[in-house]
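Notes to accompany the following structure.
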Amino acid sequence: MRLLTHNMLTCNIKGVTKGFPLSIEVQKLETKETDFNPDFLKNIFPKLEWKAFHDAALSVGLNDIPEQVDPVMLEDSEFLQKFHHALLEVHLEEGALICPETGRRFPVSKGVPNMLLHEDEV
Amino acid sequence: MKLKQLESILGDVSQFSKPKIDLEQYPTGPHIASRMVYMAETTFGDISGKVVADFGCGCGTLGIAASLLEASYVVGVDIDYQALEVAQNNMQELEVEMELVLDNIQDLSWRGPVVDTVIMNPPFGTRRKGADMEFLSAALKTATTSVYSLHKTSTREHVQRGALRDLKAKTAEVLCELRYDLPASYKFHKKREVDIAVDLWRFTI
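For the protein sequence lines, the chains are A and B, in the order given.
Residue numbering for the first sequence follows the UniProt record's numbering, starting at 1 and increasing by one per position.
Residue numbering for the second sequence follows the UniProt record's numbering, starting at 1 and increasing by one per position.
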């Protein structure tokens, strides 16, 4: 699971009002190189919850994603490289995603987050 | 990539070894899958460079097709872990990147409209009534541009009314009618092959 996917997921347990962002528990990370595409980054930027992305990057050990960001930074190639790496190249292979409201743990195994709810959570 | 080439590569995608009847796990064959994704790309430009989700991805055929046509980011969602394991093997074999999430479309854990395009082959809703429209509802809430989906031709009016009136799609259009030639995957299929007419729909948001 990459951080762009993390940025899409929320805890959907019945009654939970603030299920986003899920915090990340890391057991194993992998880095896989992928093609750098600045246009894609510019396109996805407005759809991201930046604070959640920043916090997620920190939890996978990347401290070079600024907390505040200005669209003008999308013209800076050094920034785009860091953005690209954090968003698309770091994979959480083993670990968990944790609901900020209930503490419910959604395990991540072989890179696949298990977001299925139990019967009493629907 | 040409259509024929795409269809040929998708022919190598492994499918369910033991399909689950309650989930209506029918494989999306290379003929239909390649045409669906190829049309989304060449007619509407909805794949290349986009974030694409495949709901009920099963063994990953449609998501893999989107990836081969240069979608920038593909996410496959399925409720069945065994299907996702097959999808993972397919991705490795074909050297394709795709994110996989184990989740239930009925209460999808997504925060809102974050993907550009959803492309899917949902259950037809014959085993569990309404399953087809639940998938469509989730897709229309998640996509920002368009949704491509297969539905039985016999349900055309029902799908159109549901999409436009209940699910508030901006447009709902049948792009073409396809023959879904199911190999007899289940015991209740008496004939060796079951030929079903399906519509390829494009919905916009």
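Glycine included, every Cβ here is placed at the ideal spot set by N, Cα and C.
In this text the structure is predicted, and so the values were computed from the model without any measurement.
DSSP state of residue i mapped onto helix, strand, coil
i: Glu-70/B; result: coil
i: His-6/A; result: helix
i: residue 208/B; result: Nothing about residue 208/B can be read from this structure; chain B reaches only from 1 to 205.
i: Asp-166/B; result: helix
i: Thr-17/A; result: coil
i: Glu-173/B; result: strand
i: Lys-152/B; result: strand
i: Leu-3/B; result: helix
i: Asn-12/A; result: coil
i: Tyr-81/B; result: helix
i: Asn-104/B; result: coil
i: Val-86/B; result: helix
i: Phe-203/B; result: strand
i: Thr-145/B; result: strand
i: Glu-179/B; result: Looking at the sequence shown, residue 179/B is not Glu but Arg. Strand, per DSSP.
i: Glu-99/B; result: strand
i: Val-115/B; result: strand
i: Val-159/B; result: helix
i: Ser-23/A; result: strand
i: Asp-195/B; result: strand
When the options are compared against residue i, the one with the closest alpha-carbon
i: Ile-44/A; options: Asn-12/A, Val-60/A, His-84/A and Ala-57/A; result: His-84/A
i: Leu-117/A; options: Pro-123/B, Met-120/B and Ser-109/B; result: Ser-109/B
i: Leu-22/A; options: Asp-70/A, Glu-30/A and Asn-12/A; result: Asn-12/A
i: Gly-58/B; options: Asp-199/B, Glu-134/B and Asn-90/B; result: Asn-90/B
i: residue 206/B; options: Asp-199/B, Gly-56/B, Tyr-180/B and Cys-176/B; result: Given that chain B is displayed from residue 1 to residue 205, the structure contains no residue 206/B and the question cannot be resolved.
i: Gln-27/A; options: Trp-50/A, Glu-101/A and Leu-92/A; result: Leu-92/A
i: Phe-77/A; options: Ser-109/A, Leu-41/A and Leu-62/A; result: It is worth fixing the name first, because residue 77/A is Ser in this sequence and not Phe. The candidate whose alpha carbon is nearest that of Ser-77/A is Leu-41/A.
i: Ala-87/B; options: Ala-197/B, Val-13/B and Ser-48/B; result: Val-13/B
i: Leu-88/A; options: Lys-2/B, Val-37/B and Met-98/B; result: Met-98/B
i: Glu-119/A; options: Met-8/A, Lys-14/A and Leu-3/A; result: Lys-14/A
i: Ala-40/B; options: Gly-130/B, Asn-104/B, Tyr-180/B and Val-174/B; result: Val-174/B
i: Lys-32/A; options: Leu-3/A, Leu-97/A, Asp-55/A and Asp-39/A; result: Leu-3/A
i: Gly-111/A; options: Asp-39/A, Val-72/A and Ala-96/A; result: Ala-96/A
i: Glu-157/B; options: Ala-33/B, Ser-8/B and Asp-199/B; result: Asp-199/B
i: Asp-107/B; options: Lys-129/B, Asp-78/B, Leu-84/B and Ala-83/B; result: Asp-78/B
Where residue i falls, given that 16 or more other Cβ within 10 Å makes a residue buried
i: Gln-15/B; result: buried
i: Val-96/B; result: buried
i: Leu-100/B; result: buried
i: Leu-136/B; result: buried
i: Thr-10/A; result: buried
i: Cys-99/A; result: buried
i: Arg-111/B; result: buried
i: Val-122/A; result: exposed
i: Gly-103/A; result: exposed
i: Gln-25/B; result: buried
i: Glu-134/B; result: buried
i: residue 212/B; result: Coverage of chain B is limited to positions 1 through 205, which leaves residue 212/B absent and any answer about it impossible.
i: Ser-72/B; result: buried
i: Ala-197/B; result: exposed
i: Gly-45/B; result: exposed
i: Asp-35/A; result: exposed
i: Arg-165/B; result: exposed
i: Met-36/B; result: buried
i: Thr-61/B; result: buried
i: Asn-121/B; result: buried
i: Gly-162/B; result: buried
i: Asp-39/A; result: exposed
Pick out the complete alpha helix (DSSP H) segments inside the region 30-63 of chain B, 4 residues or longer, and give them in chain order. Listed in chain order, the complete alpha helix (DSSP H) runs (minimum 4 residues) inside the region 30-63 of chain B are 30-42.
In the region 25-67 of chain A, which residue ranges form an unbroken alpha helix (DSSP H) of at least 4 residues, counting only runs that do not cross its ends? Listed in chain order, the alpha helix (DSSP H) elements of length 4 or more contained wholly in the region 25-67 of chain A are 38-44 and 50-59.
If you scan the region 71-110 of chain A from start to end, which runs of the beta strand (DSSP E) of 3 or more residues do you find wholly inside it? Taking 3 residues as the minimum length, the beta strand (DSSP E) runs contained wholly in the region 71-110 of chain A are 90-98 and 105-109, in order along the chain.
Is the region 134-143 of chain B touching the region 109-122 of chain B, taking contact as three or more C-beta pairs under 8 angstroms? With the cut-off at 8 angstroms, the region 134-143 of chain B and the region 109-122 of chain B touch.
Does the region 124-133 of chain B come close enough to the region 150-164 of chain B to have 3 or more Cβ pairs within less than 8 angstroms? Flag = yes, the region 124-133 of chain B and the region 150-164 of chain B touch.
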